[in-house]
Each structure stands twice: as structure tokens, then as C-alpha cells.
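Peer 1: I am attaching a structure below and will ask some questions about it afterwards.
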Amino acid sequence: MNKVSHIVSIVMTMLALPINASATTDKIESSQLIKIFVAPSEIKAGKAIAESSCIQCHGVMGVSATENVPHLAGQHLDYLFTQLQAYRDGLRVEAKMLNAISALSDTALAQVAGYYSSLDPPLKVAAETSDSLTVDPIVAGKKAASACGACHGPTGNGAYPGIPLLSGKHPDHLIGVTKAYKNGSRKDPMMQLAVSMLSDEDIENISLFYATQKPLASTATAKGDVTKGATVAAASCNGCHGEAGNSASAETPSLAGQDPQYFSKATLAYKTGERNHPIMQSMVSTLSAEDIANLSAYYVAQLPKAPDVRIPLTTEQQAEKCDRCHGINGNSISPLVPSIAGQRRDYIVKAINDYKTNVRESSMMFAMSEQLTEKEIENLAKYYSSKQGKSVIFIRLPQ
Ligand code: HEC
Ligand code: HEC
Ligand code: HEC
Ligand code: HEC
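Heads up: the sequence shown begins at 0 in numbering that gives the first Met the number 0, then just goes up one per residue.
Here is the structure:
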């Protein structure tokens, strides 16, 4: 069927249908919903159902005041209808919803869906501050790291002997050790003071900043024997710390290009237990002072390589991907894709987590939510809940 004849057939259906046709039909396909667009009486019937069976959870006029219960006002008719069928038929599981609708026929579901769809979406309440949703974490990290540069250098390549190389280290390692200084499980007076005021978010941003800086080959030299160091490293260290000291694992730090003074001090600290790390302690327990000097000379001479770091998108950049289906600012123009603009923040978080864990099944949304972190989900929910929803204009009650 071409486009024009399709539209003609829809109009014919609308004209041909007696106003009350749906009230006598038991099984409705979502493609037949068009008939209730033209039937104010159906929407009135839907209003009566809503006021007796839905209002206590979904609020007056479909604006929910209850945690994890979605707003329904201004949502697409087809979407609401198919979700109601899904609850009733057990495809979407929620006991509260099942209780509320188990006795309703398709006609009643279409009527109540039509009613909610005809309402205006809630007006945006006090706007969430969306500053944090547009900041680039690396730019924020650079700013927060300004005080670290005095010792670690502007890009984490170190300013003095004894200062470790931070650039190009895996962010998970940097986050882990920075928190260890902060909570005192790794001790160093300078570092404990330097990080004492950082929030978790600062630590994450700073770590990402250093991780994405290009690590430079060290100009420092060490007295040890590089060849002897290489032999010990190959036998005992590089299994974890990576070939030539460039680690492929997030938890194990790279040693390539590491400052030799820091390297020796840290290795000794594991050996004596001053740095409490049983695995490292057992790895270095038999090393002699000469071995450590040789290893420090070997590692500082290796070229450090930056790890492959996933640079997180800002929330706005992420939302551009969601908008491809959910419409600009979450105002969907596809009947079976829900609008998410102005939806409750807690409900959006719950919905995405349900898709992520397959509690709620949708292959599209599983693919979209699988990679999202808890924080990204919260930020997306903050972002969309602060957008103004738009009415679904083609379903309006005539005045
Ligand atoms: C006892 C509380 C309760 C009552 C009564 C109730 N609901 Fe719900 N409803 C919920 C909860 C909770 C959810 C979210 C469930 C989930 O996460 O899947 C929900 C979800 C929905 C959804 C899915 C919306 C979306 O964006 O995906 C629709 C549609 C809906 N309800 C319609 C209705 C209608 C129509 C009625 C009345 C016939 C009704 N509900 C009565 C609690 C209730
Ligand atoms: C006064 C100098 C100084 C300042 C300022 C400083 N650091 Fe350090 N940093 C050090 C020293 C010295 C060490 C080695 C400590 C040790 O032996 O455990 C270190 C170690 C580290 C390590 C451990 C590296 C590893 O791979 O184990 C990290 C991460 C780090 N600093 C991050 C920071 C951050 C972030 C800041 C700013 C908030 C900062 N530092 C400020 C001197 C400093
Ligand atoms: C079983 C895996 C494993 C082996 C083998 C291993 N290490 Fe480690 N190494 C680690 C882990 C994990 C850490 C991080 C410990 C921490 O958080 O303090 C570490 C940390 C280090 C550090 C501190 C780096 C920094 O940036 O702070 C040095 C130095 C080090 N190892 C040297 C060695 C040497 C030398 C050998 C070989 C004799 C060796 N390691 C063998 C797992 C290993
Ligand atoms: C490929 C198209 C597509 C993309 C891209 C997409 N979605 Fe969805 N989304 C859907 C569809 C279709 C549904 C309804 C699925 C169902 O039937 O449960 C949905 C449902 C949802 C819901 C549930 C709404 C409700 O009322 O229950 C939320 C929340 C949501 N998406 C958020 C997002 C976010 C955030 C992103 C971006 C990270 C995103 N979506 C990207 C197609 C998409």
C-alpha cells in the first residue's frame, strides 16, 4: 500500500466507524486504536475508569506523586495501550498493575489509555541544575588536579625524583590508590594531605584526566643493570605488570617509565609490609637490594604506553543517542516509543535498571542500557525529568 492510499484507508476507517464500535469489541489490536481518536465518549468512559481504579497511584490527571509510579498524562495512546496489555498478559510483571487491570477488557484498556493520552503532560517543576550534565569529566579533572601539579607536573609526568608517573595509568588503578591514601589504608603524609579534601567525583575526574594524558619516556637514570633487571622482570613481574611493564589489566599498575626512586621506595614498602598488600609482598619478598636497583633501571628505560581508556560521554552527548528514538528532548513522535520528557526521575532510573537486568524485556532498550553505569543512569534520569513534556496533539478532546 502506498502512503496516500494508507492515509485514505485510515480516514475511511474513521468515518465508517460508529462512535461506539470499540465498546462492543473484545479484542483490539493497537493498529485499531485510531477509532478512539474521534470518540470523546470513549475518552469520558476512560476518565471514569481512571478515577475509580488508577488515580490512587498515578495521581490526579495522570501526574504521579508516588515514587517509582510513572506519570501517564500526555503519553502516547498506542504505547499506553500495549503496556496495559503487557501487564495483563504477564509480559510485563508488576503485581500492583496486574491487580488494578486484571478485570478490564481491551475496550476498557483502550478507553483509559485514550483518556491519559488526551491529558497535558505535567508542567516542569523547579528545574534541576543541569550543570553537572554538560561538564566534560576530563576538563573538570584537569581543574581539580591543579594543586597536584606542583609535585606531579601539569600532565602527571612528574616534576621531581621520587614522584610517581601518573599519566597513562589506568583510571581504575588511580581511583583505587587515591582513595586508599584518603582513607589511610595507603600511608604517605604528603599524599594524605593532598587528597584529604577531594570528593569521590573529584577523584574520578582527576584519575580520568591523568589516565588520558600522554605518558612521556622518562629522562631519569638509575644505577642498576638494565639487562639483569629485564631477566627478573620477565621471570617474576611482567606476568601481572605486562610486557615491558605496560599492564593490560585495570587493577595492576603499569611500571614502564616509572620514576626509579619511587619504584624502589614502593617495592621496599611492599616488602616490609609498610604498604599493606599481601600479593605484592609475596612477589617481592625474595628480592635483594641489588635486584630492586636493577629492576628500577629496567623499568624506567621502558617506553610507557597509554591504556585504552573508555572516555565517558557527557550526559548531553548520551542523550543525543536516546533522542534518536525518544524524540528531541525525549518527546517521542513514534506511537510505540514512550515519551520520557518530564517523566519522574525515580521511575526513569527504575525503568532503565529493569531493562538492563532484563526484568523488563526489550532488546532495543537492553542494548541501550547494558553499558550504562549507575551514575550515567542517574544523570540521564535527571536530564530527561527536567525536560518539558509536550502534548500528543492529535488526540484532543473537542472543547
Ligand atoms: C497500586 C498502584 C497502582 C494502581 C492502582 C495502578 N497502577 Fe499503573 N503502575 C503502577 C506502578 C508501580 C507502575 C510501574 C511498574 C513498572 O515499573 O513496570 C505502573 C505503570 C503503569 C503503566 C506503564 C507506564 C509506562 O510509562 O510504561 C501504565 C500504562 C499504567 N500503570 C496504567 C495504569 C492504569 C490505566 C491504571 C488503572 C486502571 C493503573 N495503572 C493503576 C502502580 C499502579
Ligand atoms: C607535595 C607533593 C605531592 C602533591 C601536592 C600530590 N602528590 Fe601524589 N604523590 C606524591 C608522592 C611523594 C607520592 C608517592 C607516595 C608513596 O610513596 O606512596 C604520590 C603518589 C600518588 C599516587 C600513587 C601513584 C601510584 O601509581 O600508586 C597518586 C594516584 C597520586 N599521588 C595522586 C595525586 C593527586 C590526585 C594529587 C592532587 C590532589 C596529588 N597526588 C598531590 C606527592 C604529591
Ligand atoms: C600477581 C600479580 C603481580 C605480580 C607477579 C607482581 N605484581 Fe607488582 N603489583 C601488583 C598489584 C595488584 C599492584 C597494586 C598494589 C596496590 O594497590 O598497592 C602492584 C604494585 C606494584 C608497584 C607499585 C606501583 C605504583 O605505581 O604504585 C610496584 C613498584 C610493583 N608492583 C613492583 C613489582 C615487581 C618488581 C614485581 C616482580 C618482582 C611485581 N610487582 C610482581 C601485582 C603484581
Ligand atoms: C532504538 C530505539 C531506542 C533508543 C536508542 C533508546 N530507546 Fe528507550 N525505549 C525504546 C522503546 C521501543 C521503549 C519501549 C520498550 C517497551 O516496550 O518496554 C523504550 C523505553 C524506554 C523507557 C521506559 C519509559 C516508560 O515510560 O516506561 C525509558 C526510561 C527509556 N526508554 C530511556 C532511554 C534512554 C535513557 C535512552 C538512551 C540511553 C534510550 N531510552 C534509548 C526505544 C529506544
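Note that CB positions come from ideal geometry on N, CA and C, so glycine has one too. Since the structure is predicted, the reported quantities are computational estimates derived from the model, not experimental observations.
Could you check if R323 is buried or exposed, using at least 16 other CB atoms within 10 Å of its CB as the buried criterion?
Peer 2: Classification of R323: exposed, given that the 10 Å Cβ count is below 16.
Peer 1: Whole angstroms is fine: what's the gap from K420's alpha carbon to I205's?
Peer 2: Shown here, the chain extends from 0 to 398; a query on residue 420 therefore has no answer.
Peer 1: Exposed or buried, what is T218 when buried is set at 16 or more other beta-carbons lying within 10 Å of its beta-carbon?
Peer 2: By the 10 Å Cβ count, T218 comes out exposed.
Peer 1: Mapping DSSP to helix, strand and coil, what is M251?
Peer 2: At residue 251 the sequence reads Thr, which differs from the Met that was named. Three-state result, T251: coil.
Peer 1: Three or more beta-carbon pairs under 8 Å between the stretch 257 to 273 and the stretch 189 to 202, yes or no?
Peer 2: Touching, no, given that fewer than three Cβ pairs across the two stretches are closer than 8 Å.
Peer 1: Mind checking which residues open and close the alpha helix (DSSP H) that includes R343?
Peer 2: That residue, R343, is in no alpha helix (DSSP H); it is neither H nor E in DSSP.
Peer 1: Would a C-beta distance cut-off of 8 Å place Q74 and S338 closer than the cut-off?
Peer 2: Taking 8 Å as the Cβ cut-off, Q74 and S338 qualify as a contacting pair.
Peer 1: At what residues does the alpha helix (DSSP H) containing G388 begin and finish?
Peer 2: Premise fails: G388 is in no alpha helix (DSSP H) and is neither H nor E.
Peer 1: Quick check on DSSP: helix, strand or coil for S284?
Peer 2: The answer is coil: DSSP assigns S284 none of H, G, I, E or B.
Peer 1: I need the DSSP call for N98, collapsed to helix, strand or coil.
Peer 2: Reduced to three states, the DSSP call for N98 is helix.
Peer 1: On the three-state DSSP scale, how would you describe P337?
Peer 2: In the structure shown, P337 sits in coil (DSSP, three-state: anything other than H, G, I, E or B).
Peer 1: Since I believe P334 is in contact with Y78 (beta carbons under 8 Å), could you give me their beta-carbon distance rounded to a whole number of angstroms?
Peer 2: Going by Cβ atoms, the distance from Y78 to P334 rounds to 7 Å, so yes, they are a contact pair.
Peer 1: Rounded to whole angstroms, what is the Cα-Cα separation between K213 and E242?
Peer 2: Near 19 Å, if we compare the C-alpha coordinates of E242 and K213.
Peer 1: Mapping DSSP to helix, strand and coil, what is N357?
Peer 2: In the structure shown, N357 sits in coil (DSSP, three-state: anything other than H, G, I, E or B).
Peer 1: Taking the straight line between their C-alpha atoms, what separation do you get for G161 and A139?
Peer 2: Approximately 27 Å between the Cα atoms of the pair.
Peer 1: Just verifying my parser: in three-state terms, what is the DSSP assignment at Q84?
Peer 2: Three-state DSSP puts Q84 in a helix.
Peer 1: To which residues of the same chain is N357 closer than 8 Å at the C-beta, ignoring the five residues directly before and after it?
Peer 2: Once the five neighbours on either side are set aside, the close Cβ partners of N357 are F365.
Peer 1: Compute the Euclidean distance between the alpha carbons of Q317 and R309, then round it to the nearest angstrom.
Peer 2: C-alpha separation (whole angstroms): 14 Å.
Peer 1: Would you check if the distance between the CB atom of R344 and the CB atom of D353 is smaller than 8 Å?
Peer 2: Cβ distance not < 8 Å, so R344 and D353 don't count as in contact.
Peer 1: Whose C-alpha, out of G89, F80 and P121, is nearest the C-alpha of T106?
Peer 2: It is F80 whose Cα lies nearest to the Cα of T106.
Peer 1: Express the C-alpha separation of P121 and E41 in angstroms, rounding to a whole number.
Peer 2: Answer to the nearest angstrom: the Cα atoms are 23 Å apart.
Peer 1: Looking only at its chain, what residues have a beta carbon closer than 6 Å to the beta carbon of N401, apart from the 5 residues adjacent to it on each side?
Peer 2: No answer is possible for residue 401: it lies beyond the span of the chain, which begins at 0 and ends at 398.
Peer 1: For the stretch 228 to 246 against the stretch 287 to 302, are there 3 or more C-beta pairs whose distance is under 8 Å?
Peer 2: The answer is yes - the stretch 287 to 302 touches the stretch 228 to 246, with three or more Cβ pairs under 8 Å.
Peer 1: So F435 packs on S295, CB below 8 Å; how close in whole Å?
Peer 2: Lying before the first or after the last residue shown, residue 435 is absent from the chain, which here runs from 0 to 398.
Peer 1: Less than 8 Å between the beta carbons of Y209 and K168, yes or no?
Peer 2: It is a contact, given that the beta carbons lie within the stated cut-off.
Peer 1: Ligand 1 and P120: does the residue's C-beta get closer than 7 Å to at least one heavy atom of that ligand?
Peer 2: No, since every heavy atom of ligand 1 falls outside the 7 Å radius drawn around the Cβ of P120.
Peer 1: With distance defined between alpha-carbon atoms, name the residue in K46, C239 and G244 nearest to E250.
Peer 2: If we check each option's Cα against that of E250, C239 comes out closest.
Peer 1: Between the C-alpha atoms of C147 and A193, what's the straight-line distance to the nearest angstrom?
Peer 2: Going by the C-alpha atoms only, they are around 7 Å apart.
Peer 1: Whole-angstrom Cβ separation of Y383 and I327, contact assumed at under 8 Å?
Peer 2: Between I327 and Y383 the Cβ distance is about 12 Å, and since that is not below 8 Å, they are no contact.
Peer 1: Return yes when the C-beta of L215 is under 7 Å from any heavy atom of ligand 3, and no when it is not.
Peer 2: Incorrect: L215 has no Cβ contact closer than 7 Å to ligand 3.
Peer 1: Roughly how many whole angstroms lie between the Cα atoms of P170 and N245?
Peer 2: Rounded to the nearest angstrom, the two C-alpha atoms are 14 Å apart.
Peer 1: What whole-angstrom Cβ distance do I27 and A85 have, given they're in contact under 8 Å?
Peer 2: Rounded, the Cβ-Cβ distance is 14 Å, inconsistent with contact.
Peer 1: On the criterion of 16 or more Cβ atoms from any shown chain inside 10 Å, does D88 qualify as buried, or is it exposed?
Peer 2: Burial call: exposed.
Peer 1: How far does the alpha helix (DSSP H) with P136 in it reach, from first residue to last?
Peer 2: From DSSP, the alpha helix (DSSP H) with P136 extends over P136 to A143.
Peer 1: From Y159 to T177, what distance separates their C-alpha atoms?
Peer 2: Straight-line Cα distance between these residues: approximately 19 Å.
Peer 1: Could you check what DSSP says for S184 in three-state terms: helix, strand or coil?
Peer 2: Coil, per DSSP.
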